[in-house]
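Here's the structure, in structure tokens; my notes come after.
Residue numbers (the numbering used here): 64 to 454.
Right under this line is the structure:
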């Protein structure tokens, strides 16, 4: 009976802080760095000797230096006159060569965010909910250059996270607080390949498959009482992800990119979940996303003029959301993506920034939502730490 009441309230309270983030897990596998945010899935085919990207383990052989990277992200969401913001550290990584043909990486990045805080009023009383926590992906990657035109990669992922969700039901004569809390752990494996087709075309592919889907272990309890239930719930809806990127190298400083991705969810993954149950009639659907972009590379990374050391990229993105209402009308997300980067003249550091602005919504589904994302990242290489010989 308690779950039925909560489910009814949830279906009424979708006008909260962000209905799209409240349902399910939020955005799973968001892009966490400036280059990927502004280049789309075409980034899985990207190689650059001046930087290393963690998007495709096959690209780890593209640099002969140690690289350290960090990125921050901030996102604003708006439904009507309600605006919310999430700002956090999103990624840390280090990559290094192992011989001439092998590169390795160690790092972590955020893959899910449970943060939500909203309240709604009804004739019978009020309902409020606050969630905190998230899931981080700790990974170890290995890239191998099979030949000058084919590179292979493998990456192991370990998911670790926490969830705490407090729900308060307030009526005329009663107030009840329900708490769900627990730890999350899981594993997946990712394989990647980059192939140079002729001289002007690069093709990249990654496949990420969870072989141990994240599991929530904890308690569902009524605060102030001894009533609780142990939770050991496998998140069956956790997706497998396939990404394909294509880059056309028009000239030494100009690239055109295209990227597509597919996330596959279990049909019953949410319907059987006790914590992330959906409103009646809602289902999960595969996520298909597509981006087109263009990239201008720096003309001269060692130039004394900062304009020649600056590069940029811009494009468009479209994808469907991973939940579908009973009306079966799809929820779509449209956005403009853009970014810029600046190399230091000594070639030791790279600063990046990106922005994305767009909207999501669908007929007879959830309210239209506007969003804006900004990412800032820094990469430095090991020449900072090499001793300088003095005469």
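Where a beta carbon is used, it is the ideal one built from N, C-alpha and C, also for glycine.
Per DSSP, the bridge partner or partners of residue i
i           : result
residue 214 : 208, 257
residue 250 : 221, 275
residue 418 : 401, 437
residue 461 : The first residue shown for the chain is 64 and the last is 454, placing residue 461 beyond what the model contains.
residue 228 : 194, 243
residue 142 : 145
residue 382 : 352, 396
residue 201 : 171, 221
residue 136 : 151, 438
residue 179 : 194
residue 423 : 396, 432
residue 406 : 413
residue 267 : 257, 308
residue 105 : Paired residues: none, contrary to the question.
residue 131 : 157, 443
residue 189 : 184, 233
residue 346 : 387
residue 377 : 357, 401
Element boundaries [alpha helix (DSSP H), containing residue i]
i           : result
residue 100 : 97-102
Residue i, enclosing beta strand (DSSP E) - first and last residue
i           : result
residue 124 : That residue, residue 124, is in no beta strand (DSSP E); it is neither H nor E in DSSP.
residue 160 : 145-161
residue 165 : 165-176
residue 371 : It is not in any beta strand (DSSP E) - residue 371 carries neither H nor E in the DSSP assignment.
residue 351 : 350-359
Whole-Å CB distance - residue i paired with residue j, under 8 Å assumed
i           : j           : result
residue 416 : residue 435 : Not confirmed; about 13 Å, so no contact.
residue 269 : residue 115 : Between residue 115 and residue 269 the Cβ distance is about 15 Å, and since that is not below 8 Å, they are no contact.
residue 132 : residue 156 : 5 Å
residue 239 : residue 285 : 7 Å
residue 267 : residue 257 : 5 Å
residue 314 : residue 295 : Going by Cβ atoms, the distance from residue 314 to residue 295 rounds to 56 Å, so no, they are not a contact pair.
residue 363 : residue 129 : About 24 Å separates the two Cβ atoms, so there is no contact after all.
residue 100 : residue 419 : 6 Å
residue 97  : residue 319 : Their Cβ separation, rounded to whole angstroms, is 19 Å, which puts residue 97 and residue 319 out of contact at 8 Å.
residue 373 : residue 361 : 6 Å
Segment contact flag, the segment 138-151 with the segment 107-124, C-beta cutoff 8 Å, min 3 pairs: Short answer: they don't touch.
At least 3 beta-carbon pairs within less than 8 Å: the segment 307-319 vs the segment 282-294: Contact between the segment 307-319 and the segment 282-294 is absent, because fewer than three Cβ pairs lie under 8 Å.
Inter-stretch contact (C-beta, 8 Å, three-pair minimum) for the segment 166-178 and the segment 139-146: Touching, no, given that fewer than three Cβ pairs across the two stretches are closer than 8 Å.
Segments of 3+ residues assigned as beta strand (DSSP E) that fall wholly inside the segment 273-323: Those beta strand (DSSP E) runs which fall completely within the segment 273-323 and span 3+ residues are 291-297, 303-312.
Any 3 or more C-beta pairs closer than 8 Å across the segment 206-226 and the segment 186-193: The segment 206-226, when compared against the segment 186-193, does not touch it at the 8 Å Cβ threshold.
Any 3 or more C-beta pairs closer than 8 Å across the segment 215-229 and the segment 245-265: Yes, the segment 215-229 touches the segment 245-265.
Inter-stretch contact (C-beta, 8 Å, three-pair minimum) for the segment 346-357 and the segment 311-329: Below 8 Å, enough C-beta pairs join the segment 346-357 and the segment 311-329 to call them touching: three or more.
Given 8 Å, three or more beta-carbon pairs between the segment 259-267 and the segment 220-239: Contact between the segment 259-267 and the segment 220-239 is absent: fewer than three C-beta pairs spanning the two stretches fall below 8 Å.
Contact between the segment 405-414 and the segment 377-388 (3+ Cβ pairs under 8 Å): At 8 Å Cβ cutoff, the stretches do not touch.
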